[in-house]
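Okay, so the sequence shown: first residue is 28 according to the numbering used here, each after it adds one.
Glycine included, each C-beta is placed from N, C-alpha and C at the ideal position.
Just so we're clear, the structure is a prediction, and the values are computed from it rather than from any experiment.
Here the structure is laid out as structure tokens; the discussion comes afterwards.
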Amino acid sequence: MDQALGAALLNSLRRSGFWLILLPLLFAVASFSGSFLLNERWQASGVIQVGTMGNISGGARQHIEPLANALERLRLRPFQDLMLRKLGIPTDERNALATLFRRTLFGRAIPGTDLVEISVQAHSNAQAVNWVATVIQHLQEIHAGISDPHVNQLKVRFQTLKQDLDRTSAERKRVVDLALASRSSDARPDGAGTALALVAMLQGVEINTLERTLAVMEEQLGPMYTRPTKLMFEIETAENPVYPRRARAAFLGILVGLVMALGIVLFRSVRAIAALPRN
Numbered sequence: 028m029d030q031a032l033g034a035a036l037l038n039s040l041r042r043s044g045f046w047l048i049l050l051p052l053l054f055a056v057a058s059f060s061g062s063f064l065l066n067e068r069w070q071a072s073g074v075i076q077v078g079t080m081g082n083i084s085g086g087a088r089q090h091i092e093p094l095a096n097a098l099e100r101l102r103l104r105p106f107q108d109l110m111l112r113k114l115g116i117p118t119d120e121r122n123a124l125a126t127l128f129r130r131t132l133f134g135r136a137i138p139g140t141d142l143v144e145i146s147v148q149a150h151s152n153a154q155a156v157n158w159v160a161t162v163i164q165h166l167q168e169i170h171a172g173i174s175d176p177h178v179n180q181l182k183v184r185f186q187t188l189k190q191d192l193d194r195t196s197a198e199r200k201r202v203v204d205l206a207l208a209s210r211s212s213d214a215r216p217d218g219a220g221t222a223l224a225l226v227a228m229l230q231g232v233e234i235n236t237l238e239r240t241l242a243v244m245e246e247q248l249g250p251m252y253t254r255p256t257k258l259m260f261e262i263e264t265a266e267n268p269v270y271p272r273r274a275r276a277a278f279l280g281i282l283v284g285l286v287m288a289l290g291i292v293l294f295r296s297v298r299a300i301a302a303l304p305r306n
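Pasting the structure below:
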């Protein structure tokens with residue numbers, strides 16, 4: 028019985044060997060060929076540095092918009108609708124381009140940096156680049172709208188303090204000149220010269236305070252603390268479409284064909300065993 032069973036299985040495998048080769052090959056060719064019927068998708072990505080704003084009190088620089096908020100903005104439906112309208116794409120759910128844009132628009136913070144990578148997929152390289160560029164440009168406009176009033180206010184405050192410094196310095200020079208003149212003139216009592224010297228000293232303290240404040244503000248307005256959101260590198264595109272991946276499609280076709288061929292082998296083996304005479 029064991030010999031008959033082994034012979035039946037061997038014979039079944041021999042007869043089904045054709046399917047073990049043909050089916051994986053057929054499915055691989057079919058999958059690979061079918062991938063050419065699908066719309067290609069190309070991916071473009073751009074890396075931006077979220078801008079920062081200085082502050083009057085000094086201290087650590089602050090981002091115009093926290094990175095987490097900027098990333099969350101990309102997922103908001105109103106933001107996506109606005110981008111689609113800018114791109115001239117209907118926001119209708121049934122529109123294939125709108126659906127593709129919504130599903131593939133993605134942002135991630137690059138660990139250990141203040142950089143954000145934004146990517147999206149489209150049906151051509153040029154289209155993908157245009158979509159990413161439009162998103163980045165709009166983010167820059169939003170951030171400029173947030174930071175410009177603050178930075179302008181900081182600049183006005185800087186100019187006001189600069190004028191105060193110039194005025195106080197000029198007044199102190201006049202007071203010092205009067206104090207020196209009082210020492211060499213008998214026309215003024217000694218008390219007046221002392222009062223002028225005290226005023227000059229207080230004005231000197233005020234000038235030192237203004238100079239320190241202006242130095243901090245100048246640093247805060249410098250590029251180290253105040254800078255706009257900017258594109259760090261040229262927008263990149265993949266050398267090949269990200270979808271469909273034809274090599275993967277062919278490999279999956281081979282796997283499906285192999286599974287079906289093994290199913291045929293198993294079925295024939297069961298039939299061969301069932302046909303054996305029973306003792």
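Just to confirm my understanding: we take Met244, look at its own chain, exclude 5 residues before and 5 after, and list those with CB closer than 6 Å. What are they?
Phe185.
Contacting residues, own chain, Cβ-Cβ under 6 Å from Arg100 (five flanking each side not counted):
Excluding its 5 nearest sequence neighbours in each direction, Arg100 has C-beta neighbours in its own chain below 6 Å: Phe106, listed in chain order.
My output table needs one value for Ile145: the three-state DSSP class, helix, strand or coil.
Looking at Ile145 - three-state DSSP - the assignment turns out to be strand.
Using the beta-carbon count (16 or more within 10 Å), is Ile145 buried or exposed?
When all chains shown are included, Ile145 counts as buried.
What number of angstroms, rounded off, separates the C-alpha of Met28 from the C-alpha of Leu279?
Reliability fails at Met28, whose pLDDT of 46 lies under 50, so the model's placement of it is uncertain and no value is given.
Counted within 10 angstroms of its Cβ, other Cβ atoms place Ile163 as buried (16 or more) or exposed:
Residue environment: Ile163 is assigned as buried (16 or more neighbouring CB atoms within 10 Å of its CB, all protein chains considered).
Take the Cβ of Leu1 as the centre, count every other Cβ of all protein chains shown within 10 Å, and call the residue buried at 16 or more, exposed below.
The requested residue 1 is not part of the displayed model; the chain covers only 28 to 306.
What does Met80 pair with, by DSSP beta-bridge criteria?
Residue pairing of Met80 in beta bridges, as defined by DSSP: Gln89.
What do you reckon, are the CB atoms on Val77 and Ala97 nearer than 8 Å?
The Cβ-Cβ distance between Val77 and Ala97 falls below 8 Å.
Could you tell me if Arg68 is buried or exposed, where buried requires 16 or more neighbouring beta carbons within 10 angstroms of its beta carbon?
The residue is buried, with at least 16 neighbouring Cβ atoms inside 10 Å.
With C-beta atoms as the reference, is Phe128 less than 8 Å away from Val147?
Yes. Within cutoff.
Who are the Cβ neighbours of Leu192 in its own chain at under 7 Å, not counting the five residues just before and after it?
So the list reads Ile234, Leu237, Glu238, Leu241, once near-sequence residues are dropped.
Validate contact between the stretch 87-96 and the stretch 161-177 using beta carbons, cut 8 Å, 3 pairs
Judged by Cβ distances under 8 Å, the stretch 87-96 makes contact with the stretch 161-177, as three or more pairs qualify.
In this structure, what does DSSP give as the bridge partners for Arg135?
Per DSSP, the beta bridge partners of Arg135 are Glu144.
Do Ala95 and Ile262 have their C-beta atoms within less than 8 Å of each other?
By the CB criterion at 8 Å, Ala95 and Ile262 fall outside the cutoff.
Where the alpha helix (DSSP H) through Asn96 begins and ends
In the DSSP assignment, Asn96 falls within the alpha helix (DSSP H) that extends over 94-102.
By a C-beta neighbour count over all protein chains shown, 10 Å radius and 16 as the cutoff for buried, is Val178 buried or exposed?
By the neighbour-count rule (16 or more Cβ atoms within 10 Å), Val178 is buried.
For Leu258, which option in Glu168, Ala227, Thr126 has the closest C-alpha, if you only look at C-alpha atoms?
For the options Glu168, Ala227, Thr126, the alpha carbon positioned closest to that of Leu258 is the one of Glu168.
Here's the rule: buried if 16 or more other CB atoms are within 10 angstroms of the residue's CB, otherwise exposed. What is Thr79?
That one is buried.
When burial is assigned at 16 or more other CB atoms within 10 Å of the CB, is Leu111 buried or exposed?
Under this definition Leu111 is a buried residue.
For Arg201, does the three-state DSSP call read helix, strand or coil?
Arg201 falls in the helix class under three-state DSSP.
Given a threshold of 16 other Cβ atoms within 10 Å of its Cβ, counted over all protein chains shown, does Leu268 qualify as buried or as exposed?
Per the sequence presented here, residue 268 reads as Pro, with Leu not at that position. Around the beta carbon of Pro268, 16 or more other beta carbons sit within 10 angstroms, so the residue counts as buried.
Rounded C-alpha distance that separates Leu114 from Val156
Taking the straight line from one Cα to the other gives about 12 Å.
Given a threshold of 16 other Cβ atoms within 10 Å of its Cβ, counted over all protein chains shown, does Val202 qualify as buried or as exposed?
Result: buried.
Name the DSSP bridge partner or partners of Val74?
Partner(s): Glu144.
State the CB to CB distance for the pair Thr256 and Gln70, rounded to an integer number of angstroms; the pair is presumed to be in contact (CB under 8 Å).
About 22 Å; that fails the 8 Å criterion.
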